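Have a look at the structure below, then the notes.
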Amino acid sequence: MISAGDFRNGVTLEIDGNVCQIVEFQHVKPGKGAAFVRTKYKNIITGAVLEKSFRPTEKFPAARIERVDMQYLYNDGELYYFMNNETFDQVGLNQDAVGNALKFVKENEIVKVCSHNGNVFAIEPPLFVELEITETEPGFAGNTAQGATKPAIVETGAQIQVPLFVNQGDKVKIDTRTGDYLSRV
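Okay, so the sequence shown: first residue is 23 according to this note's numbering, each after it adds one.
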């Protein structure tokens, strides 16, 4: 059990039956009246961010979030299949559980599958991936205005913005959290 007085950023707990993660907290001690903890927390399953105040003595059960490394195998149109590399168990997840997490992930790459009580609620791709540019307009020498970019499509089908000097067939490094181009490989 975690008391509201022990809240810290990133703590995962159950509030009103929902799995939540503390985003911000502030201990408030007004001049008159009892102290309280002003909290902003995120419902991990729905993504909703809520604000609420708690008495410092209120207690909440800690939520156990399991993050398992799994290999993304393939997509058959309805389900995305993942395999645990230790037990070789396969799991099929629908589009709702996966969301846009696999936008930059190729088949056979390792991702983290996050679950609570056996219910998968999120897929965490690797932070950085290296993908090949399959389609983009050719860049022209001398056309280098500062920060100029052009659209490009990578081998997973996702569209990103790349600098003018990147050509079709180049391998690029991408930040999967933002979808930003980082460098050529």
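For glycine and all other residues, C-beta sits at the position ideal for the given N, C-alpha and C. Because the structure is a prediction, the values reported are computed rather than measured.
Close beta carbons around Pro148, own chain, < 8 angstroms, minus the five adjacent residues each side: Val127, Glu131, Ile132, Val133, Thr198
Nearest neighbour of Ile155, chosen from Lys81, Pro173, Gly169 [CA to CA]: Pro173
Endpoints, beta strand (DSSP E) assigned at Val176: Start and end: 171-176.
Same chain only: Cβ atoms within 8 angstroms of Ile196, ignoring 5 sequence neighbours per side: Phe126, Phe150, Val151, Glu152, Leu153, Val176, Ile182, Asp202, Tyr203, Leu204
For Ala84, the three-state DSSP class (helix, strand or coil): strand
Cα-Cα separation, Ile37 to Gly191: Rounded to the nearest whole angstrom, the C-alpha separation of Ile37 and Gly191 is 49 angstroms.
His49 versus Phe143 - alpha carbon distance: 30 angstroms
Per-residue DSSP class, three states only, for Asp13: Nothing in the structure corresponds to residue 13, since the chain is present only between 23 and 207.
Closest Cα partner of Ala170 within the set Val188, Thr178, Cys42: Val188
Own chain residues within Cβ distance below 7 angstroms of Glu129, not counting five before or after: Tyr94, Leu95, Tyr96
Phe58 and Pro78 closer than 8 angstroms at C-beta: One thing to note: Phe58 has its Cβ within 8 angstroms of the Cβ of Pro78.
Segments assigned alpha helix (DSSP H), at least 4 residues, entirely inside the stretch 103-175: Fully enclosed alpha helix (DSSP H) runs of 4 or longer: 117-120.
Cβ contact check for the stretch 65-81 and the stretch 111-121: 3 or more pairs under 8 angstroms: no
Selection from Ala85, Val90, Glu159, Leu72 that minimises the alpha carbon distance to Lys62: For the residues Ala85, Val90, Glu159, Leu72, the minimum Cα distance to Lys62 belongs to Leu72.
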